[in-house]
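Below is one structure, written out as structure tokens, with a few remarks after it.
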Amino acid sequence: MTEHESTIDLNPAADEIIDDSMAVDDAPAVKRKGRGFASTAESRVSNKYDSYDRMDEDSTVQVSTNAQRSVEGWIVVVTGVHEEADEEAVTEKFAEYGEIKNLHLNLDRRTGYVKGYALIEYETYKEAKTAIDSANNTQFYEQTIHVDFTFVRPPEGSGRQPDRRDSRRRQRSASPGKRW
Amino acid sequence: MGADDEFYVRYYSGHTGRYGHEFLEFEFRGDGMCRYANNSQYRNDSLIRKEMHLSPTMLKELKRIIEDSEIMKEDDNQWPRKNVVGRQELEIRFGNEHISFETAKLQSLGEVQESNDPDGLRAFYYLVQDLKCLIFSLISLHFKIKPI
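Those protein sequences? They're chains U and X, same order as listed.
Heads up, the first sequence is in numbering that gives the first Met the number 0, so the first residue is 0 and it goes up one at a time.
Heads up, the second sequence is in numbering that gives the first Met the number 0, so the first residue is 0 and it goes up one at a time.
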């Protein structure tokens, strides 16, 4: 009995489906490497559960882009942030476009320097959009930074229809060891 | 979309023990979809499942982080095997390369240094931390919850 079988089967129906046509998903040119392919470990996370929490559409805000609002505001991502930039400098630059509600300037776990991206929360769409329009492709610490919304709305066709959405991929998890 | 553009990342860390199957898992897809699931029976008995869609700029940054880690050059054949403490899996499809690495849970950098492949395992160890750091930020900002 494998480790996998001893765990709770989150998707019992899948075991009854045998579909060898799904067995090989990689093109022949794809190079595979790793013990994970031989293991009977669980299938992809998306196969396992029927539904995930996501942000509801906010119909009160009319925006022309496909940006997605977060719970308390709009999250902007800045990439190309110099490794020696600090929170103070990022705050100083981006407070110009609106009040910063939250700033995540994550560090590289190996070096301890800035990883290269910043996530900034503004309360309003207008502030976030101004930051993007004003700071995208500008210089910061002698590097070009890119500024954009972090989250977008789900593409058409990936709405809240867990059964239909998952039915095809669910079949892929049927044959153990042939996860892709 | 050609094979060169294929992109997928999945990380799993978990074990089965006194509190059942406890795990943390997340994935990023090439179309921007990002999913996170965390099941801990201890103190928090509910399964957390979150789904987000990332902009192309955010996705590009994720790809850069993975490329910089050089993880695709590594191989897990010398890494510690999964054990009763649990296992970690990291699956990445990046263009024409597809890795699916499996190893034990690593408690400290010391374990990495003492392994048979410290350089490779270090790349894995730090990439996993950087990915976790990213997804925890994304979830806490988007949903205003503490993911773990």
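Cβ coordinates follow ideal geometry from the N, Cα and C atoms, glycine included.
Values in this document were obtained by computation on a predicted structure and should not be read as measured data.
query	result
DSSP three-state call for D4/X: helix, strand or coil?	helix
Pull out every residue of the segment 108–132 of chain U whose Cβ sits closer than 8 Å to any Cβ of chain X, in chain order.	R108, R109, K114, G115, Y116, L118 and E120
Restricting to Cα atoms, I'd like to know which of H141/X, E73/X, N95/X and L137/X is closest to R34/U.	E73/X
Would you verify that the beta carbon of L133/X is, or is not, closer than 9 Å to some beta carbon of chain U?	yes
Do the CB positions of E120/U and K100/U come within less than 9 Å of each other?	yes
By the three-class DSSP mapping on this structure, what secondary structure does I119/U have?	strand
Between F135/X and K49/X, which are expected to be in contact by the criterion C-beta below 8 Å, what is the C-beta distance as a whole number of angstroms?	Contact flag wrong, Cβ pair sits at about 11 Å.
Taking all protein chains shown into account, decide if Q67/U is buried (16 or more other Cβ within 10 angstroms of its Cβ) or exposed.	buried
Identify whether K128/U lies in helix, strand or coil by the three-state DSSP scheme.	helix
Secondary structure at Q112/X, three-state DSSP: helix, strand or coil?	helix
Once the 5 residues before and after Q40/X are set aside, which same chain residues still bring their CB inside 7 Å of it?	Y18, G19 and E21
To which residues of the same chain is E83/U closer than 8 Å at the C-beta, ignoring the five residues directly before and after it?	Y112, V113 and Y140
Straight-line CA distance for T90/U to L106/U?	16 Å
Is there contact between the segment 116–132 of chain X and the segment 61–73 of chain X, where contact requires at least three CB pairs shorter than 8 Å?	yes
Between the segment 82–98 of chain X and the segment 3–14 of chain X, do three or more beta carbon pairs fall short of 8 Å?	yes
Is any beta-carbon of chain X found at less than 9 Å from that of A40/U?	Bear in mind that the predicted position of A40/U carries a pLDDT of just 48, short of 50, making it unreliable; the figure below should be weighed with that in mind. With 9 Å as the cut-off, A40/U counts as an interface residue toward chain X.
Taking P153/U as the reference, which of K32/U, Y51/U and N65/U has the closest Cα?	N65/U
When you compare the CB positions of K30/U and H97/X, do they come within less than 9 Å of one another, or not?	yes
Please decide whether R63/X counts as near chain U, where near means a Cβ-Cβ distance under 9 Å.	yes
Taking 6 Å as the limit between beta carbons, can you name the residues of its chain near E113/X, skipping five residues before and five after?	none
Assuming L137/X and M51/X form a contact by the criterion Cβ under 8 Å, report the distance between their Cβ atoms to the nearest whole angstrom.	6 Å
Give the interface partners of H81/U over in chain X, defined as CB-CB distance under 7 Å, in chain order.	Result: empty, since nearest Cβ-Cβ is about 14 Å, beyond 7 Å.
Between which residues of its own chain and M54/U is the CB-CB distance below 8 Å, once the five residues before and five after are set aside?	Q67, R68, S69, V70 and F150
Starting from the beta carbon of E71/U, find every residue of chain X whose beta carbon is closer than 8 Å, and list them in chain order.	K143
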